[in-house]
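Peer 1: Would you mind keeping the following structure in view while I ask a few things?
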Amino acid sequence: MEKVHVCDHPLVQHKISLLRDKNTGSKEFRELVSEISMFICYEATRDLPLKEVQIETPLALANSKIISGRKVAFVPIMRAGLGMVDGALALVPAAKVGHVGIYRDKANSNSAAEYYCKLPFDIANREVIILDLMLATGVSAVKTVEICKNAGAKNVKFMCVLTCPEGIKALQTAHPDVEIITGAIDEGLNEDLYIVPGIGDGGDRLFGTK
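Going by the working numbering, 115 is the number at position 43 of the sequence shown; the sequence numbering is gapless.
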């Protein structure tokens, strides 16, 4: 699929299998999400530009490379996206973090409303990576990308642990320029709009609320 990258590293696939297990408790679930997020973030930042610099080592001058130009902003979608922040920041500690709260109307599965938004003031100058545990219907993802773009963001990616064909189609139809980086593409959605086989309710499993 165009602009969809699946992180098929063996460690990612192993950890996602542990994440799926219904017997995995909240503590281990949170740790797994953080670890998986770090690996997927590695792929999401693969195309950051570099520039050459000269570094003085203990022995000699070395021509080396450092990240140049675009800085990074992570924007988790509350609440499940919050579980991915620590893993992403472990890889890019200088990144800024925004937060977007989206409420999906249960009576209308195609409707999403923003209830909270706090983004970095310089988001227009940053590579924005939106974080959410799952890309299911795509409603929250589409709305969050729209919010970031309206705030000035020009380079936006979407990073998730799991997705499905319905979510990919919804996001790519609304925002064909947004690359999706994920750990797995599952079969699809059930009648309750949960990803199958999936991991259940990611937010509840992260925070032990169910």
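Cβ coordinates follow ideal geometry from the N, Cα and C atoms, glycine included. Here the structure is a predicted model, which is why all the values come from computation and not from measurement.
Would the beta-carbon of THR87 fall within 8 Å of that of GLU107?
Peer 2: What you label residue 87 is simply residue 15 of the sequence shown in a count that begins at 1. What you label residue 107 is simply residue 35 of the sequence shown in a count that begins at 1. Reading off the sequence shown, one finds Lys at residue 87, where the question assumed Thr. Their beta carbons are under 8 Å apart, which means LYS87 touches GLU107 by this criterion.
Peer 1: Assuming TYR188 and MET231 form a contact by the criterion Cβ under 8 Å, report the distance between their Cβ atoms to the nearest whole angstrom.
Peer 2: Taking the first residue of the sequence shown as position 1, residue 188 is located at position 116. Taking the first residue of the sequence shown as position 1, residue 231 is located at position 159. Not a contact, Cβ separation roughly 20 Å.
Peer 1: Spatial neighbours of ALA134 within its chain, please: C-beta separation below 6 Å, excluding the five flanking residues on both sides.
Peer 2: Position 62 of the sequence shown, counted from the start, is the residue given in the question as residue 134. The residues are ILE127.
Peer 1: Taking Cβ to Cβ, would you say ALA196 is nearer than 8 Å to LYS226?
Peer 2: Position 124 of the sequence shown, counting from 1, holds the residue named residue 196. Position 154 of the sequence shown, counting from 1, holds the residue named residue 226. Between ALA196 and LYS226, the C-beta spacing is below 8 Å.
Peer 1: Quick one: give me the first and last residue of the beta strand (DSSP E) that GLU263 is part of.
Peer 2: Locating residue 263 in the sequence shown gives position 191, where the first residue counts as 1. Unbroken run through GLU263: none, as it is neither H nor E.
Peer 1: Look at the alpha carbon of ILE202 and the alpha carbon of ALA145, and state the distance between them as a whole number of angstroms.
Peer 2: Taking the sequence shown and counting its residues from 1, one reaches residue 202 at position 130. Taking the sequence shown and counting its residues from 1, one reaches residue 145 at position 73. Distance between the alpha carbons of ILE202 and ALA145: 8 Å.
Peer 1: Applying the criterion that 16 or more other CB atoms from any shown protein chain within 10 Å of the CB defines a buried residue, is LEU278 buried or exposed?
Peer 2: Taking the first residue of the sequence shown as 1, we reach residue 278 at position 206. Looking at its Cβ environment, which holds 16 or more other Cβ atoms inside 10 Å, LEU278 is buried.
Peer 1: Assign PHE193 to one of three DSSP states: helix, strand, or coil.
Peer 2: By one-based count along the sequence shown, residue 193 stands at place 121. PHE193 carries a coil assignment under DSSP once its states are collapsed to helix, strand and coil.
Peer 1: With a cut-off of 8 Å on the beta carbons, I'd call ILE257 and THR281 a contact; round off their distance for me.
Peer 2: What you label residue 257 is simply residue 185 of the sequence shown in a count that begins at 1. What you label residue 281 is simply residue 209 of the sequence shown in a count that begins at 1. About 27 Å separates the two Cβ atoms, so there is no contact after all.
Peer 1: Would you kindly check if the distance between the Cβ of LEU104 and the Cβ of LEU42 is under 8 Å?
Peer 2: What the structure shows of the chain is the stretch from 73 to 282, and residue 42 is not part of that stretch, so it cannot be assessed.
Peer 1: What residue range is occupied by the uninterrupted alpha helix (DSSP H) comprising GLU238?
Peer 2: By 1-based counting over the sequence shown, the position of residue 238 is 166. 237–246 is the span of the alpha helix (DSSP H), which, as asked, contains GLU238.
Peer 1: Check for me: the alpha helix (DSSP H) holding ILE271 runs from which residue to which?
Peer 2: Here residue 271 refers to the residue found at position 199 of the sequence shown. Here ILE271 belongs to no alpha helix (DSSP H), and DSSP marks it neither H nor E.
Peer 1: What is the DSSP secondary structure of ALA213, reduced to helix, strand or coil?
Peer 2: Counted from its first residue, the sequence shown places residue 213 at position 141. Note: ALA213 maps to helix in three-state DSSP.
Peer 1: Roughly how many angstroms separate the alpha carbons of VAL169 and PRO192, rounded to a whole number?
Peer 2: Numbered from 1 along the sequence shown, position 97 holds the residue referred to as residue 169. Numbered from 1 along the sequence shown, position 120 holds the residue referred to as residue 192. Take the alpha-carbon of VAL169 and the one of PRO192: they are about 7 Å apart.
Peer 1: Which residues does DSSP pair with ALA185 in a beta bridge?
Peer 2: For the purposes of this step, residue 185 is identified with residue 113 of the sequence shown, where counting begins at 1. The partner list for ALA185 (beta bridge, DSSP) reads TYR175.
Peer 1: If VAL250 sits next to VAL211, beta carbons under 8 Å apart, how far is it from one beta carbon to the other, in whole angstroms?
Peer 2: Your numbering for residue 250 matches position 178 in the sequence shown. Your numbering for residue 211 matches position 139 in the sequence shown. About 15 Å separates the two Cβ atoms, so there is no contact after all.
Peer 1: Checking 8 Å against the spacing of the C-beta atoms, do THR254 and VAL233 come in under that value?
Peer 2: Counting from one through the sequence shown, the residue named residue 254 turns up at place 182. Counting from one through the sequence shown, the residue named residue 233 turns up at place 161. Going by C-beta atoms, THR254 is nearer than 8 Å to VAL233.
Peer 1: Measuring straight from C-alpha to C-alpha, what distance separates GLU238 and LEU265?
Peer 2: Stepping through the sequence shown from its first residue, residue 238 is reached at position 166. Stepping through the sequence shown from its first residue, residue 265 is reached at position 193. The straight-line gap from Cα to Cα measures roughly 10 Å.
Peer 1: Taking 8 Å as the cut-off, decide whether the C-beta atoms of MET110 and GLY159 are in contact.
Peer 2: By 1-based counting over the sequence shown, the position of residue 110 is 38. By 1-based counting over the sequence shown, the position of residue 159 is 87. Contact: yes.
Peer 1: Quick check: what's the CA-CA separation for VAL147 versus ALA132?
Peer 2: Counting from one through the sequence shown, the residue named residue 147 turns up at place 75. Counting from one through the sequence shown, the residue named residue 132 turns up at place 60. When rounded, the distance between both Cα atoms is 41 Å.
Peer 1: Hey, how far is the Cα of ASP204 from the Cα of PRO130?
Peer 2: Residue numbering aside, residue 204 sits at position 132 when the sequence shown is read from its first letter. Residue numbering aside, residue 130 sits at position 58 when the sequence shown is read from its first letter. Rounded to the nearest angstrom, the two C-alpha atoms are 43 Å apart.
Peer 1: Nearest-angstrom Cα distance between SER136 and HIS77?
Peer 2: If you number the sequence shown from 1, residue 136 lands on position 64. If you number the sequence shown from 1, residue 77 lands on position 5. Approximately 28 Å, taken between the alpha carbons.
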